[in-house]
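Asker: In terms of my numbering, the sequence shown opens at residue 14 and continues consecutively. Using N, Cα and C, we set each Cβ at its ideal position, and we do this for glycine too. Please find one structure pasted underneath; my questions will follow.
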Amino acid sequence: MDNNNIAPNTSVPDYITNMQQYNYVRISKYFMLYEFEDPLTHLVILHPRLLLAATQLRITLKDKFTIIAAYKDPKAETTEGSYSHDAHAAGLAIDVIHKDIDKETFKLVAEGSGFNSIVDYSEYIHLEVALKVPTGVKTNA
Ligand SMILES: [Zn+2]
């Protein structure tokens, strides 16, 4: 077999070369994987509980919010310092901006969608799920 006879890159269809290369993968009806990646390293850790809560939020609010940050790679160099102990580094948090809905209503819907911690940073809202279900909370599991 002739191993040198490898197809050139020019055979890749335009729709693939033109789209974002990393994590251009649909992970649910509502989200692409790249929405949760670190924008610098393209690495991603996504806890299923975060995807579930984000999905519930999307079902309720449709396009009334946008994820502006999700996984933050602890190894990525940023001016904000290390994320090693951050919920973002554990795949448990997203930062979002909302539109066409008032902030208090948005926070209530986020809480009802399964986010355990909601922090208002005024320019954006930090939404975080707990790694473990708090005691006293009933689940269907
Ligand atoms: Zn955050």
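1) Within 10 angstroms of its Cβ, does Leu53 collect 16 or more other Cβ (buried), or is it exposed?
2) From Val57 to Asp115, what does the alpha carbon distance come to, in whole angstroms?
3) Using the rule of at least 16 other Cβ atoms within 10 Å of the residue's Cβ for burial, across every protein chain shown, is Glu50 buried or exposed?
4) Starting from Thr79, trace the beta strand (DSSP E) both ways and give me its first and last residue.
5) Since Phe78 and Ile110 are thought to touch, with beta carbons under 8 angstroms apart, how far apart are those beta carbons, to the nearest angstrom?
6) For Ala89, which residues in the same chain have their Cβ closer than 7 angstroms to its Cβ, ignoring the five residues on either side in sequence?
7) Residues in the same chain with beta-carbon distance under 8 angstroms from Tyr134, minus the five sequence neighbours each way, listed in chain order, please.
8) Going by beta carbon distance, what residues of the same chain come within less than 7 angstroms of Leu65, once the five residues before and after it are set aside?
9) So is Glu141 buried or exposed if we call it buried at 16+ other beta carbons inside 10 Å?
10) I'd like the ranges of any alpha helix (DSSP H) spanning at least 4 consecutive residues and lying wholly in the stretch 105-130.
11) Is it the case that the CB of His55 approaches a heavy atom of ligand 1 more closely than 7 angstroms?
12) Measure the Cβ-Cβ separation of Leu155 and Val132 and say whether it is below 8 angstroms.
13) Let me check one thing: in DSSP terms, what residues is Leu140 bridge-paired to?
Answerer: Concretely, from the data shown:
1) exposed
2) 30 angstroms
3) buried
4) 78-82
5) 7 angstroms
6) Asp51, Leu53, Thr54
7) Asp108
8) Gly127
9) buried
10) 116-125
11) no
12) Because the chain here runs from 14 to 154, residue 155 falls outside it and cannot be looked at.
13) Ile107, Ile131
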